[in-house]
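In the numbering used here, the protein residues as written are -18 to 156.
All C-beta atoms, glycine included, are put in the ideal place defined by N, C-alpha and C.
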Amino acid sequence: MITTGLYDLVTSEGDDGTMHPAEQLWTPGEDAAENGFIVHRGLYVTGIDDPTEDRLFPIGFVVLGHQRWADIIEAAAAYMARVHGWRNLHLYPGDDPSELIPRIPRAVLTHGVFLRHPHPDHGCACEWDDTWRMIWTPSTEPGAVPITAMRHPAAPTTAASIPNPDSGAPATWAT
């Protein structure tokens, strides 16, 4: 799940009335593959949902670190092949192949903060256990991780809410 804007850690109230964090900052590392990322030629890539989470396939892709545009396209295609079993990056399964879609969008170099639920000391056993969400942030935000992001070519332009360097977002175009 991705949200925009500055982030707040979710808190919950314990049995004794004390508030404690229900999320923690997560820096994806060796455990990234266990949390939805695949490794393709040394790049960690995952598909991302739109904020409504009502799509069957990802509307964008996130690669950890700042990567070249061509490398994220290859990693996105590998993600779709491995996770969803298809190689066509231009259409979603079931789309009309005669329908014109825009060319592959450019990737952006930006930063994000990953928040994991729940805080390990206060597991709540809810449906969000061991899940994470990402929020786009400036590079100066505590816990910010460098990311290369690209929306899926068949997704609506505004669906992924990926930062746009042409609109003042904290991002630059990948080379």
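Boundaries of the alpha helix (DSSP H) harbouring Ile53: 50 to 60, taken from the DSSP string.
Between the segment 43 to 58 and the segment 23 to 32, the count of C-beta pairs closer than 8 Å reaches three or more; the two stretches touch.
The distance from the Cβ of Leu96 to that of Glu4 is about 5 Å, consistent with a contact at the 8 Å cut-off. Taken atom to atom, the span from the alpha-carbon of Val94 to that of Ser79 is near 39 Å. Taking C-beta atoms as the reference points, Pro144 and Ile82 fail to come closer than 8 Å. Straight-line spacing of the CA atoms in His92 and Pro151 works out to 8 Å. If the five residues before and after Gly46 are omitted, its C-beta is found closer than 6 Å to the C-beta atoms of Pro127, all from its own chain and listed in chain order.
In this structure, Val20 sits away from Ala130, with a CB-CB distance that is not shorter than 8 Å.
By the C-beta density criterion, Arg84 is exposed, having fewer than 16 other C-beta atoms within 10 angstroms. C-alpha of Gln48 to C-alpha of Glu122: approximately 20 Å in a straight line. In the three-state reduction of the DSSP assignment, Glu15 falls in the helix class, which pools H, G and I. Take Ala136, set aside five residues on each side of it, and the residues of its chain with a beta-carbon closer than 7 Å to its own are Ile40, Gly41, in chain order. About 4 Å separates the Cβ atoms of Ala155 and Ala88, confirming a contact at the 8 Å cut-off. Under the three-state reduction of DSSP output, Arg63 falls in the helix class. Of all alpha-carbon atoms in Asn16, Thr(-8), Asp(-4), the one lying nearest the alpha-carbon of Trp113 is that of Asn16.
In its chain, beyond the 5 residues on either side, Ile54, Ala57, Ala58, Met61, Ile85, His133, Pro134 have a beta carbon closer than 8 Å to the beta carbon of Leu70.
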